[in-house]
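First comes the structure, then the notes that go with it.
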Amino acid sequence: MEGPRLPPSATAHESDDDKPDDPPSVWHRPTSSLPALPSQDPPPHHWRNHSLNLSPLLATPPPSLPPPDSIPELETYVVQVPRDQVYWTPPPEHAKYVEKRRNIPKKNKKNGCSKRLMWFFIILVVFGCLLGAITLILHFAFSPTLPVFAVERLTIKPSNFEVTLRAENPTSNMGVSYLMKKNGVVSLTYKNKSLGRGKFPKMSQAASESNKVNVKLDGSTKNAVLPPRGSKQPVSLVLMMELKAEYEAGPVKKNKEVLVTCDVKVKGLLDAKKVEIVSENCESEFKN
1 MEGPRLPPSA
11 TAHESDDDKP
21 DDPPSVWHRP
31 TSSLPALPSQ
41 DPPPHHWRNH
51 SLNLSPLLAT
61 PPPSLPPPDS
71 IPELETYVVQ
81 VPRDQVYWTP
91 PPEHAKYVEK
101 RRNIPKKNKK
111 NGCSKRLMWF
121 FIILVVFGCL
131 LGAITLILHF
141 AFSPTLPVFA
151 VERLTIKPSN
161 FEVTLRAENP
171 TSNMGVSYLM
181 KKNGVVSLTY
191 KNKSLGRGKF
201 PKMSQAASES
211 NKVNVKLDGS
221 TKNAVLPPRG
231 SKQPVSLVLM
241 MELKAEYEAG
251 PVKKNKEVLV
261 TCDVKVKGLL
271 DAKKVEIVSE
281 NCESEFKN
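Next comes the structure, spelled out in structure tokens:
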């Protein structure tokens, strides 16, 4: 007859622990049965080993966390980069522009230079035509006219002659100034024999102005072979003047050399101080 069952002894318990197939003494809830936690950033590495506490006593406050591991010191690395390496890429439009410039043939460049030279010569020709047109306009608009001279009186003195002339400037838009040409002279001759020589005085005239001028010539009739005193035959004299005429109208200036030749016929050259002028004719011409 069997008596009541006795509790397992200590020896029996120990023997049961030694069996590998026995279930563990503590019951754990599966991880999949836990409620879903909101998504957040993963905890630091030093927290992960202690974050999943699957103890069945969930109501108890979590134990205090151990101090975090010390942050390791940052290490410095030296990287050597070759100088001929380029680590950036230009924008695509820059590469297209460079390729376009490379692909331009040399012929087009030469054509560009030739076009520039052609335009330069065209501009030069146009400028020359304009300058020529302006010069022609100024030449015809401000063209000097030959001065007009006339002998009005001839007076004979013991040692000189005095000739009174009328000078007229027919140019309507330019004034004129008369000067003696360098090495120029005013001479009075009879049959190619010199009777007197002198200088033309400086004189200025406005446009279309007429003035009288007196010219003194040093000389006499002593050495000249003239008709005898009392002869009524006229004597032909030649008065020649070499002048320099400076015409001016504002910024326009023109210099001319004028040669004046006057053929004068007189009576009483040896009888009276005032000689009678029978006829006179003065002609002027520009020498340049």
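Per UniProt numbering, the very first residue in the sequence shown carries number 1; after that it's consecutive. Virtual Cβ for every residue (Gly too), placed ideally from N, Cα, C.
- A contact between stretches requires three or more CB pairs, one per stretch, nearer than 8 Å, and the stretch 211-228 meets this requirement with the stretch 158-169.
- Secondary structure at Leu226: coil, using DSSP grouped into helix, strand and coil.
- Under DSSP, Gly196 shares a beta bridge with Leu188 and Gly219.
- Non-local C-beta neighbours of Glu283 in its own chain, meaning closer than 7 Å and more than five positions away in sequence, comprise Thr261, ordered along the chain.
- Our two residues, Asn192 and Met240, have alpha carbons roughly 12 Å apart in a direct line.
- In its chain, beyond the 5 residues on either side, no residue has a beta carbon closer than 8 Å to the beta carbon of Tyr77.
- Cβ-Cβ distances below 7 Å link Val151 to Val163, Leu165, Leu239, Cys262, Val264, Ile277, Glu280 and Cys282 in the same chain, with the five nearest sequence neighbours on each side left out; the list follows chain order.
- Gly128 carries a helical assignment under DSSP once its states are collapsed to helix, strand and coil.
- With 16 or more neighbouring CB atoms inside 10 Å of its own CB, Val258 falls in the buried class.
- The stretch 185-199 makes no contact with the stretch 245-256; the number of CB pairs closer than 8 Å stays below 3.
- Of the other Cβ atoms in all chains shown, fewer than 16 fall within 10 Å of the Cβ of Pro228; this residue is therefore exposed.
- Short of 6 Å from the beta carbon of Met203, and not among the five residues preceding or following it, lie these beta carbons of its own chain, in chain order: Tyr178 and Val213.
- Within its own chain, the residues whose Cβ lies closer than 8 Å to the Cβ of Pro170, once the five positions on either side in sequence are excluded, are Thr145, Leu146, Pro147, Val148 and Ser208, listed in chain order.
- A direct Cα-to-Cα measurement between Asn173 and His139 gives close to 12 Å.
- The continuous beta strand (DSSP E) containing Ser177 extends over residues Gly175 to Met180.
- Rounded to whole angstroms, Cys129 and Asn183 show a C-alpha spacing of 40 Å.
- Between the C-alpha atoms of Gln205 and Leu243 there is a straight-line separation of about 14 Å.
- Residue pairing for Leu154: DSSP places it in a beta bridge opposite Val163.
- CA-CA distance, Lys267 to Gln233, rounds to 7 Å.
- Within 10 angstroms of the beta-carbon of Gly198 lie 16 or more other beta-carbons, which makes it buried.
- When secondary structure is reduced to three states using DSSP, Leu239 falls in the strand class.
- The beta-bridge partner set that DSSP reports for Tyr247 consists of Val176 and Lys254.
- In the three-state scheme derived from DSSP, where H, G and I count as helix and E and B as strand, Leu259 is classed as strand.
- Listed as beta-bridge partners of Glu209 by DSSP are no residues whatsoever.
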